[in-house]
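In full-length UniProt numbering, the protein residues as written are 1 to 87.
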């Protein structure tokens, strides 16, 4: 079993996790919200394996082939600011 930590990569001090969301795309047809405003989306298929670090990184426990895709850390300000992480 392997865990992975996906860094948000948005440099803001202190981390403003209350204004961040993690989005997931396996393909271009659907975007899922995995976490928003410091909370894991309980409707996510992987909710029981997800957590957020204090620096807003997304932690996925026991990764599987089903976890492959694009994860986007989004900072909600006047303009949205995205950082993409590929797994």
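Here a beta-carbon is modelled for each residue, glycine too, at the ideal position from N, C-alpha and C.
One Cα belongs to residue 63, the other to residue 4, and the distance between them is close to 7 angstroms. Bridge partners of residue 5 according to DSSP: 59. Closest in C-alpha terms to residue 47, from the list 87, 8 and 33, comes 33. Note on residue 35: 16 or more other CB atoms within 10 angstroms of its CB, so buried under the neighbour-count rule.
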